[in-house]
Amino acid sequence: TLGDIVVDLYTEERPKACLNFLKLCKIKFYNYCLIHNVQRDFIVQTGDPTGTGRGGESVFCKLYGDQARFFDAEKVPRIKHKKKGTVSMVNNGSDQHGSQFLITTGENVDYLDGIHTVFGEVTEGMDVLAKINETFVDKDFVPYQDIRINHTVILDDPYDDPPDLPVPDRSPEPTKEQLDSGRIGADEVIDDAEGKDPEVLDELLKEKDAKTQAILLEMVGDLPDADVRPPENVLFVCKLNPVTTDEDLEIIFSRFGQIQCCEIIRDWKTGESLCYAFIEFDKVEDCEKAYFKMDNVLIDDRRIHVDFSQSVSKIKWKGKGGKYTKDDFKAYEKDLDNRSKLALKDKVKPKQEYPSPTMNLPFQEMTEHSSKGAFSRYELLLDDNEEQDNRKDERKQREKRRQSDDEDNRKAKKSKDADESRRDRKEGRQRSRSRVISGIEDARDRTGEGRHRATFAISLQRPR
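Numbering-wise (my numbering), the sequence shown opens with residue 227 and increments by one.
Shown next, in the form of structure tokens:
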């Protein structure tokens with residue numbers, strides 16, 4: 227019903243499957259068969275006259291009776307489902323085939339290999355196959371609108387017709403049962419705009435857009451439910467003067483009826499007014515009166531605007547479609563925790579090495595203490611648990627303090643070692659400098675003595 231599809235058959239590799247398929251086409255068995263299974267980018271399945279996926283029979287059933295309803299699968303040679311448009315006979319669960327076949331709409335669907343027998347491929351009409359692949363289906367992968375095989379034509383048949391093959395003279399007309407699938411008819415045109423005014427169509431489009439946005443907000447968690455409605459007793463007031471206070475606004479609007487809450491929205495950091503507010507009335511009628519009377523009224527030299535609130539932020543909910551707040555869940559978890567503690571304390575027996583504190587008391591005092599629960603084993607167990615928790619906390623704190631002290635000591639030691647090393651290097655440089663200076667002075671002294679000696683020796687030799 228969407229176009230023509232041409233299939234080439236592997237007659238040499240799959241002779242029995244091809245014979246069955248060709249002869250079923252020849253006797254017009256596939257005419258008006260529904261495509262009853264469409265899994266996007268996977269398969270398209272048809273070939274069942276009942277349209278349920280549980281019917282169908284081979285051509286051999288027409289020749290030899292019900293005992294030949296199915297025929298055995300041909301597994302050699304092995305042909306894989308590698309490309310789109312691969313045509314396979316559907317396995318009935320016992321490695322046998324009837325009349326149902328599938329066409330792949332995805333590539334490399336190797337998990338079909340060895341189960342369903344490949345016997346051909348689509349050579350023309352891939353665009354039609356793509357249309358079928360994109361059709362809308364329900365949860366069982368059945369298309370909402372009928373897609374049928376209208377007619378089958380054999381272009382080339384290499385097989386002789388078996389004896390007594392019931393070949394009709396012309397294509398049979400569809401019966402009423404065949405066409406009545408309970409779905410949208412294949413030839414039925416769906417047009418929502420037929421017979422409607424442009425204003426009505428515009429209103430329908432706006433409703434659809436609003437519904438889509440509400441569903442998106444529900445999906446991201448901003449709304450408890452897509453069908454939630456804002457309260458009808460709350461007014462939205464904007465264009466306020468920043469100097470207007472909650473009390474002023476409540477006094478002005480209280481003339482229309484009792485007010486539950488009047489809140490001017492303020493900046494969470496600075497606390498300054500954002501110039502809009504929400505006013506909640508006890509009665510819807512009072513809210514409507516205020517809406518009609520207070521719009522465009524002058525308050526603190528500002529003309530305000532009043533409208534019905536569209537906010538659902540005051541509705542208490544928890545998660546998608548929930549009806550509990552976070553406080554409700556915290557209280558519930560706390561209650562469960564208390565119950566588990568009581569059950570645990572009830573199972574634990576009191577230790578025998580600790581004598582009962584009521585052993586030496588008179589009977590009356592013992593009764594009073596036991597009735598008050600002063601020496602209950604539950605309280606003893608609770609005290610033991612608290613003591614253990616306190617000891618654990620103290621042990622952790624001591625460990626943290628010890629680690630911090632060790633870290634401080636290591637840092638102090640490191641800084642002290644660094645100061646000492648710097649001091650040693652400085653003293654070493656000073657000592658080396660002083661040794662150099664003293665060596666230079668000694669050399670100068672020795673040079674001067676030599677000069678004096680040489681001069682004295684020369685002066686002694688002149689009289690000669």
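By construction, the Cβ of each residue, glycine as well, lies at the ideal position given by its N, Cα and C atoms.
Would you kindly check if the distance between the Cβ of residue j and the Cβ of residue i is under 8 Å?
{"i": "residue 514", "j": "residue 504", "result": "no"}
{"i": "residue 373", "j": "residue 250", "result": "no"}
{"i": "residue 407", "j": "residue 279", "result": "no"}
{"i": "residue 258", "j": "residue 457", "result": "no"}
{"i": "residue 273", "j": "residue 290", "result": "no"}
{"i": "residue 296", "j": "residue 242", "result": "no"}
{"i": "residue 270", "j": "residue 348", "result": "no"}
{"i": "residue 361", "j": "residue 463", "result": "no"}
{"i": "residue 231", "j": "residue 379", "result": "no"}
{"i": "residue 368", "j": "residue 262", "result": "yes"}
Report the partner residues of residue i according to the DSSP bridge assignment.
{"i": "residue 445", "result": "Beta-bridge pairing links residue 445 to no other residue."}
{"i": "residue 271", "result": "263 and 328"}
{"i": "residue 462", "result": "504 and 533"}
{"i": "residue 312", "result": "347"}
{"i": "residue 233", "result": "348"}
{"i": "residue 489", "result": "504"}
{"i": "residue 524", "result": "529"}
{"i": "residue 374", "result": "260"}
{"i": "residue 454", "result": "None, per the DSSP bridge assignment."}
{"i": "residue 363", "result": "369"}
What is the rounded straight-line gap between the Cα of residue i and the Cα of residue j?
{"i": "residue 313", "j": "residue 240", "result": "12 Å"}
{"i": "residue 425", "j": "residue 455", "result": "24 Å"}
{"i": "residue 537", "j": "residue 436", "result": "14 Å"}
{"i": "residue 319", "j": "residue 382", "result": "31 Å"}
{"i": "residue 388", "j": "residue 430", "result": "60 Å"}
{"i": "residue 621", "j": "residue 628", "result": "10 Å"}
{"i": "residue 432", "j": "residue 496", "result": "38 Å"}
{"i": "residue 484", "j": "residue 507", "result": "6 Å"}
{"i": "residue 461", "j": "residue 520", "result": "11 Å"}
{"i": "residue 316", "j": "residue 395", "result": "29 Å"}
{"i": "residue 440", "j": "residue 287", "result": "55 Å"}
{"i": "residue 427", "j": "residue 419", "result": "7 Å"}
{"i": "residue 306", "j": "residue 421", "result": "52 Å"}
{"i": "residue 247", "j": "residue 416", "result": "34 Å"}
{"i": "residue 509", "j": "residue 480", "result": "12 Å"}
{"i": "residue 491", "j": "residue 530", "result": "15 Å"}
{"i": "residue 253", "j": "residue 284", "result": "12 Å"}
{"i": "residue 370", "j": "residue 449", "result": "30 Å"}
{"i": "residue 534", "j": "residue 365", "result": "40 Å"}
{"i": "residue 724", "j": "residue 465", "result": "No information on residue 724 is available, as it lies outside the stretch 227 to 690 that the chain covers here."}
{"i": "residue 638", "j": "residue 618", "result": "30 Å"}
{"i": "residue 581", "j": "residue 616", "result": "Reliability fails at residue 581, whose pLDDT of 42 lies under 50, so the model's placement of it is uncertain and the value that follows must be treated cautiously. Rounded to the nearest angstrom, the two C-alpha atoms are 24 Å apart."}
{"i": "residue 311", "j": "residue 443", "result": "40 Å"}
{"i": "residue 266", "j": "residue 352", "result": "14 Å"}
{"i": "residue 499", "j": "residue 493", "result": "6 Å"}
So what does DSSP say about residue i, is it helix, strand or coil?
{"i": "residue 337", "result": "helix"}
{"i": "residue 502", "result": "strand"}
{"i": "residue 439", "result": "helix"}
{"i": "residue 317", "result": "strand"}
{"i": "residue 369", "result": "strand"}
{"i": "residue 255", "result": "coil"}
{"i": "residue 691", "result": "In the structure as shown, the chain starts at 227 and stops at 690, and residue 691 therefore has no counterpart that could be examined."}
{"i": "residue 380", "result": "coil"}
{"i": "residue 591", "result": "At residue 591, the pLDDT of 45 sits below 50, so the modelled position is not reliable and the matter cannot be decided from this model."}
{"i": "residue 322", "result": "strand"}
{"i": "residue 538", "result": "coil"}
{"i": "residue 416", "result": "coil"}
{"i": "residue 410", "result": "strand"}
{"i": "residue 238", "result": "coil"}
Applying the 10 Å Cβ sphere with the 16-neighbour rule, what's the burial state of residue i?
{"i": "residue 244", "result": "buried"}
{"i": "residue 327", "result": "buried"}
{"i": "residue 292", "result": "exposed"}
{"i": "residue 522", "result": "exposed"}
{"i": "residue 331", "result": "buried"}
{"i": "residue 346", "result": "buried"}
{"i": "residue 647", "result": "exposed"}
{"i": "residue 235", "result": "buried"}
{"i": "residue 323", "result": "buried"}
{"i": "residue 526", "result": "exposed"}
{"i": "residue 282", "result": "buried"}
{"i": "residue 459", "result": "buried"}
{"i": "residue 359", "result": "buried"}
{"i": "residue 303", "result": "exposed"}
{"i": "residue 218", "result": "An answer regarding residue 218 cannot be provided, because it is not within the stretch 227 to 690 covered by the chain."}
{"i": "residue 342", "result": "buried"}
{"i": "residue 469", "result": "exposed"}
{"i": "residue 299", "result": "buried"}
{"i": "residue 477", "result": "exposed"}
Got a sec: is the Cβ-Cβ distance from residue i to anything in chain B below 8 Å?
{"i": "residue 647", "result": "Considering every chain present, this structure includes no chain B. It has just one protein chain."}
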